[in-house]
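Chemist: Chains as they are written, first to last, in our numbering: chain A, 5 to 241; chain B, 5 to 241; chain C, 5 to 241; chain D, 5 to 241; chain E, 5 to 241; chain F, 5 to 241.
Pasting in a structure now, in structure tokens, and then I'll have a few things to ask.
There are 6 protein chains.
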Amino acid sequence: MENLRVKTGIEGLDSFIEGGFPKGRVYLVAGETGTGKTTFALQYLYFGVEYGDSGVYVTIDEKPERIVEDALTLGWNLEKLMDENKLLMVELSPYFSDIKKVDAFQIAENLRGYINEIEAKRLAIDPIAPLVARSDEPLTSLDAQMYVRNYLRKLFHALEELGVTTVGTSEIPTGTKKLSRYGVEEFLASGIVVLKLQMVETGFRRELYIRKMRGVNHNMGIFPFIIQPGRGIIISV
Amino acid sequence: MENLRVKTGIEGLDSFIEGGFPKGRVYLVAGETGTGKTTFALQYLYFGVEYGDSGVYVTIDEKPERIVEDALTLGWNLEKLMDENKLLMVELSPYFSDIKKVDAFQIAENLRGYINEIEAKRLAIDPIAPLVARSDEPLTSLDAQMYVRNYLRKLFHALEELGVTTVGTSEIPTGTKKLSRYGVEEFLASGIVVLKLQMVETGFRRELYIRKMRGVNHNMGIFPFIIQPGRGIIISV
Amino acid sequence: MENLRVKTGIEGLDSFIEGGFPKGRVYLVAGETGTGKTTFALQYLYFGVEYGDSGVYVTIDEKPERIVEDALTLGWNLEKLMDENKLLMVELSPYFSDIKKVDAFQIAENLRGYINEIEAKRLAIDPIAPLVARSDEPLTSLDAQMYVRNYLRKLFHALEELGVTTVGTSEIPTGTKKLSRYGVEEFLASGIVVLKLQMVETGFRRELYIRKMRGVNHNMGIFPFIIQPGRGIIISV
Amino acid sequence: MENLRVKTGIEGLDSFIEGGFPKGRVYLVAGETGTGKTTFALQYLYFGVEYGDSGVYVTIDEKPERIVEDALTLGWNLEKLMDENKLLMVELSPYFSDIKKVDAFQIAENLRGYINEIEAKRLAIDPIAPLVARSDEPLTSLDAQMYVRNYLRKLFHALEELGVTTVGTSEIPTGTKKLSRYGVEEFLASGIVVLKLQMVETGFRRELYIRKMRGVNHNMGIFPFIIQPGRGIIISV
Amino acid sequence: MENLRVKTGIEGLDSFIEGGFPKGRVYLVAGETGTGKTTFALQYLYFGVEYGDSGVYVTIDEKPERIVEDALTLGWNLEKLMDENKLLMVELSPYFSDIKKVDAFQIAENLRGYINEIEAKRLAIDPIAPLVARSDEPLTSLDAQMYVRNYLRKLFHALEELGVTTVGTSEIPTGTKKLSRYGVEEFLASGIVVLKLQMVETGFRRELYIRKMRGVNHNMGIFPFIIQPGRGIIISV
Amino acid sequence: MENLRVKTGIEGLDSFIEGGFPKGRVYLVAGETGTGKTTFALQYLYFGVEYGDSGVYVTIDEKPERIVEDALTLGWNLEKLMDENKLLMVELSPYFSDIKKVDAFQIAENLRGYINEIEAKRLAIDPIAPLVARSDEPLTSLDAQMYVRNYLRKLFHALEELGVTTVGTSEIPTGTKKLSRYGVEEFLASGIVVLKLQMVETGFRRELYIRKMRGVNHNMGIFPFIIQPGRGIIISV
């Protein structure tokens, strides 16, 4: 069954989840702002290439050129990977700039094109929340909750059918105990890795834990980690 | 009266509730994401077959094939049970993908078909929340609460009339002190088992307790448990 | 004045409130799910019969046959009382299944019929919250609060005119510090007994206290209690 | 200036506020349910008669006959005072039973009639919150706040012009840190006495403090009190 | 630069802010009910007269004659100042009694008249919140926030153009951690003095601190204070 | 790569972020009222001039002349810089005084004019929140969140295209754990510096930390700082 696992690219993390993410599903990396979600998503794709998997990186709030620039400070040359057709950087902002009414299937259909283009095995969506497009009609608060759930369920199922293993970043609204923007994403994903900034005496410490991993007898610990240029996220065990 | 109890399939739990769930009612397994609700629901059906009861597993957010795959990692071969007509995996997502206006009775009617098909004695609905379909009209917040309560009451009563004993999973919104998505499910169910992730020094510990069990003089303790491949949920007493 | 008190049927409780509930009013038994509200309501009627009072039990969310079944596990044979015309089990669900627009006076009028049928002195409504029927028009949040208060005031006044002493169960939304679903019930009732599950080291302990009792110099203590088959709620003093 | 103070009727309290309430204004007695607000209001009127002031008691949620009954258990014979035209019990419920659109001036006008009838010097309104009548149009949440404030300001000013000194009870929503239902009453009243149930080891203790008293250099302490038959609220200094 | 500061009239406070409020701006005195906001505003004007500045006192919720009466208990004879044309008491309630749609500029225009009448240098508005008049159209919650901010910005800028130095009282909703009714006032004002009731062992202690003071290197301490007849607010350093 | 960093002007801060802000992006300085956000923004521009960069200061809630006045108390002569065409003070209030419907691109277009006028390299927007203009239609709460995110994303991207490095101040609603008014700003910005008032024994202490800095291996400590006339924000390491 070894070959059904997708290595995360995060040193140490794979051993906590029996070798990697079960293949072909959608996983969340959840954290408040500044916790390292984008680094995680990049690392997942960058080392994915080392493992032989091409990857597509979908960005909504950030310009792709910015991501490329930031990755360089981590020692990761994305442009090289892009030139080799092992990485595709996709910006979806225009779809949402007018809160256009986009269907979950349309988005998945577009992504299929990019995935096929480089025969990608990995997909990173950074972040998931703004992918939820406006509904056709004004929704009361009860209906809005149902709408978001249905929208994301369709999107996640469609992503699974694309054959890729997806890592989506999930914004934890600052200062809350939630795991996601809408409060339903975590119930729809197959697994969740949580990144947090833990306040200690005179500053902050980075911590990571696995909150959920369907079909995996995962480690239940909370682990400190650092982000190191050239290596990215490194877990201290 | 021994024969009026339905064994839960969770080692240890039955002894806490005088032998099992009182037959023919609706029970909730409540927990945040990643607490083991799906494992509980599967275990309830899987060991149910060992006790001679066929079961229907209803899934809304997850594809049945995923559930089957995950069960395998717990050592449970669901396909075998499905082939023997002792288990039926049902996906209800399509009903809700367009927030269609579905009636509680319609859903129960559909379930009746599946139950009759394999003469099921056990039903698992994972999760309950998305079964609440959109109402015909936009509802203010006061009316929405009444609507959800009425909808779920009708559904629960209809399920009871189907003759099965139902375990429904109830999502506790992450970081809240609630027991359910809408805050009324727990008042309508005949019993509630709560699963939680208790933060301890350097990680999390799984815990379980019985919050409510109508007609049962149940144990009031909080118990640690583990999820073990091949055996599922095991309570440490 | 002894004869103006209605014994609660709960051993010990009567002594905390100078002999019993002042006659002819509406009292709340408030608690989260699983705290013993239904047991309290049943005990109030069951022992009421022993004291010579017939009683009407109104259920909305639960089927009467379920209540009868559960009471048996407490050693209380309700069917016998029903056969002797000392107890009437009434299910009001159908009234509310379509969120019909029902008036508080209509409900009281219906109850009058049942009360007269067995010359009941005691009434239990389990629970109160779903008795609030939908209003004729959509209400903003300010108006909704006024509507619920007016509705319940009319209902409570009407119940008092029926000549019975009423115990209504009040759902405390799980995890909140409220005493009722709408936040106004406790101000309209003549008294409140609170049941709670107090978390202690390795489990839960049942506790009871009197929060309010108009016209009574009541005990201010918090008391542990157990629910024992054959005897129901027993307070440890 | 001694003669410009209105004695509260609560032993001890007068000494905390330089002899009594400054005359002719509106004061709040704020507390959660069961804290003794009605006892305070009754005591204010009952001992007012001893001091030579007639009083009007306005009730909205409770029937006047209930209040009379409860007062008896405190040793206060209100019927006698009513027969001597020193006390008038007024029920305003009918005004609000249909959430009729009543103007603050109309209410004050009605009260003027009752006040003149017995030349009352004291007025008790128990409670204030339901006096806020429905507005002519549906209000958004911003407008609703402004509406309630304007409504109550007009009512309070009108009450002051009636020449009486008013004690209104203010419901603290259970479990909140508020001082009133709408959150503006306390800013409009000339003074506030807070009653609370303080949880101590094995039960509750009654406590009282003065939160605000315009034009008075009031005591800043928190004091335990008891409610004693025949004497009412007694502060332990 | 000494002459560009406006003395607050509160003994001790001036030394905390380099001699007084920077001239010609809008300051908030924020506190829950009963914290001494009105005393602060009165003291600001009363001692202002001693310093040679005439002042206008704007009241919305309270009748001016009440304010005059209360000031007397603090030993401040406002009527004398009014007779000498050094103080003007203005009641703005009528403007808002029907939630009329008033523009921020209209209010400022009216105030200009009063200010010119006595060549006032100081203005006190007690409180600020009800000055926000109703908008022309119903506003969703997002728009309401923008509306209030724009309304108050215009009002504050207009007040600054009147050449006076303004102290406005800001109601802290009881039991919250906010500094104002709408949550934007503190960002628009040039400075904030906070008054609070700090619960200590057996009662409350008054405390004051400077939360913000643009252009001033202010003291960062929290100071106990008392309100003394004849002297008003006295800070213990 | 040294030349791609923009010095912050805050002594000590640059060393925490590898020499300065990565060039050409949008950064937030987040804090409650009175924490020093405006001082930070001014210091960023004032010392920017010393480093050879001209700057544009955009103000919405405050009049530019006030800012100039306050800067003087910090020893910074802005008028001199304005005369030398090294600083431009821009007031955007009029755009928003009628909650006009302004597009994010229009605002950016206007800013381009000012930036070109003095060939600015730095831009300060104080604060960001009121820049979000009203939408064309009333928005439900779900749509409002999407609208604000899309609006700010467009604005931030447009600002980046102007070639300047932007510091925007972000209001933390008083008493909350948020980092911004709308809860999305922090996810859209490239970095966040947080300023806070930490309550210590008898007063407040100013503290600063870096919460997020894309592409920078930033310091994770929390540092006390003071605001000193002539020097501005000084961090104690």
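Here a beta-carbon is modelled for each residue, glycine too, at the ideal position from N, C-alpha and C.
Bear in mind the structure is a predicted one, so any value in this text is a computation, not a measurement.
Straight-line CA distance for A:E6 to A:E190?
Modeler: Bear in mind that a pLDDT of 41 at A:E6, under 50, signals an unreliable position, so the model cannot answer this.
Chemist: What residues from chain F crowd round E:L199, counting only those whose CB sits closer than 7 Å?
Modeler: Going along chain F, no residue has its Cβ under 7 Å from E:L199, so there is no contact; the nearest lies around 15 Å.
Chemist: Would you say C:P142 reaches chain B, if we count a Cβ-Cβ gap shorter than 8 Å as a contact?
Modeler: Yes, because at least one Cβ of chain B sits closer than 8 Å to the Cβ of C:P142.
Chemist: Considering only residues of the region 189-222 of chain B, which uninterrupted alpha helix (DSSP H) runs meet the minimum length of 4 residues and lie entirely inside it, listed in chain order?
Modeler: Segments of the alpha helix (DSSP H) lying fully in the region 189-222 of chain B: 189-192.
Chemist: In its own chain, which residues sit with a C-beta less than 6 Å from the C-beta of C:Y186, not counting the 5 before and 5 after it?
Modeler: V152.
Chemist: Assuming F:G59 and F:R126 form a contact by the criterion Cβ under 8 Å, report the distance between their Cβ atoms to the nearest whole angstrom.
Modeler: Yes, they are in contact, since the Cβ atoms of F:G59 and F:R126 sit about 4 Å apart, within 8 Å.
Chemist: Compare the C-beta of A:F208 with all C-beta atoms of chain F and state if any pair is closer than 8 Å.
Modeler: With 8 Å as the cut-off, A:F208 counts as an interface residue toward chain F.
Chemist: Can you find a C-beta in chain F that's less than 8 Å from the C-beta of E:S145?
Modeler: For E:S145, the answer is yes, since a Cβ of chain F falls inside 8 Å of its Cβ.
Chemist: Along the alpha helix (DSSP H) that carries F:M86, what are the first and last residues, could you check?
Modeler: Per DSSP, F:M86 belongs to the alpha helix (DSSP H) from 82-87.
Chemist: Measuring CB to CB, does B:I14 end up less than 8 Å from B:F44?
Modeler: The answer is yes: Cβ separation under 8 Å.
Chemist: In the DSSP output, what is E:Q232 paired with across the bridge?
Modeler: Partner(s): E:G236.
Chemist: Compare the C-alpha of E:Y213 against each of F:L212, F:L201, F:M217 and name the closest.
Modeler: Of the candidates F:L212, F:L201, F:M217, the one whose C-alpha sits nearest the C-alpha of E:Y213 is F:L201.
Chemist: How far does the beta strand (DSSP E) with E:E175 in it extend, from its first residue to its last?
Modeler: Counting along the chain, the beta strand (DSSP E) containing E:E175 begins and ends at 169-175.
Chemist: Could you name the residues of the same chain whose beta carbon sits closer than 7 Å to that of E:G40, not counting the 5 residues immediately before and after it, in chain order?
Modeler: So the qualifying residues of the chain are L199, R210, I231, I237.
Chemist: In this structure, how does DSSP classify A:R126 when only helix, strand and coil are distinguished?
Modeler: Correct three-state label for A:R126: strand.
Chemist: Between the region 160-173 of chain D and the region 155-164 of chain E, do three or more beta carbon pairs fall short of 8 Å?
Modeler: Counting Cβ pairs under 8 Å, fewer than three are found: no touch.
Chemist: Specify the secondary structure class of F:I137 as computed by DSSP and reduced to three states.
Modeler: A quick correction: the sequence has Ala, not Ile, at residue 137 of chain F. Coil.
Chemist: What's the C-alpha gap between D:G35 and F:P177?
Modeler: Approximately 29 Å between the Cα atoms of the pair.
Chemist: With H, G and I counted as helix, E and B as strand and the rest as coil, what does DSSP make of B:L163?
Modeler: In this structure, B:L163 counts as helix in the three-state DSSP scheme.
Chemist: Quick check on B:T178 - is its C-beta less than 8 Å from some C-beta in chain C?
Modeler: Not one chain C Cβ lies under 8 Å of B:T178.
Chemist: So what's C:G179 in DSSP terms, helix, strand or just coil?
Modeler: In the structure shown, C:G179 sits in coil (DSSP, three-state: anything other than H, G, I, E or B).
Chemist: Take C:Y109 as the anchor and find which of C:L96, C:Y155, C:Y50, C:G179 has the nearest alpha-carbon.
Modeler: Looking at the sequence itself, residue 109 of chain C is Phe, so the reference to Tyr does not match. Minimum Cα distance to C:F109 is reached at C:Y155.
Chemist: Tell me, please, whether the CB atom of C:P233 is closer than 8 Å to any CB atom in chain B?
Modeler: Yes, C:P233 counts as interfacial toward chain B.
Chemist: So, are the CB atoms of C:G28 and C:K11 less than 8 Å apart?
Modeler: In this structure, C:K11 does not lie closer than 8 Å to C:G28 by Cβ.
Chemist: Tell me the DSSP secondary structure of E:Y31 in three-state form.
Modeler: Strand at E:Y31.
Chemist: Mind checking F:K84: buried by the 16 CB within 10 Å criterion, or exposed?
Modeler: Its Cβ having fewer than 16 others within 10 Å, F:K84 is exposed.
Chemist: Is there a C-beta anywhere in chain A that falls below 8 Å from the one on F:I129?
Modeler: Cβ-Cβ to chain A under 8 Å: no for F:I129.
Chemist: Closer than 7 Å by beta-carbon distance: list the chain A residues that pair up with B:S174, in chain order.
Modeler: By Cβ distance, chain A contributes nothing, its closest Cβ being about 11 Å from B:S174, past 7 Å.
Chemist: Step through the CB atoms of chain E and report whether any lies within less than 8 Å of the CB of D:E6.
Modeler: A caution first: D:E6 carries a pLDDT of 41, below 50, which makes its placement in the model unreliable, though a value can still be read off. Cβ-Cβ to chain E under 8 Å: no for D:E6.
Chemist: Compare the C-beta of C:M203 against all C-beta atoms of chain D and say whether one is closer than 8 Å.
Modeler: By this cut-off, C:M203 is not an interface position.
Chemist: Name the DSSP bridge partner or partners of D:V60?
Modeler: BP columns for D:V60 point to D:L92, D:L127.
Chemist: Give a yes or no on contact between the region 133-144 of chain A and the region 135-148 of chain F, applying the rule of three or more CB pairs nearer than 8 Å.
Modeler: They touch, by the three-pair rule.
Chemist: Closest to B:V168 by C-alpha separation, out of B:L17, B:I122, B:H222, would be which residue?
Modeler: For the residues B:L17, B:I122, B:H222, the minimum Cα distance to B:V168 belongs to B:I122.
Chemist: Does chain F have any CB closer than 8 Å to the CB of E:V33?
Modeler: So, not an interface residue.
Chemist: What residues are listed by DSSP as bridge partners for B:E15?
Modeler: In the DSSP output, where bridge partners are listed per residue, B:E15 has B:I238.
Chemist: Return no unless some Cβ of chain D is closer than 8 Å to the Cβ of C:I196.
Modeler: Interface residue, yes.
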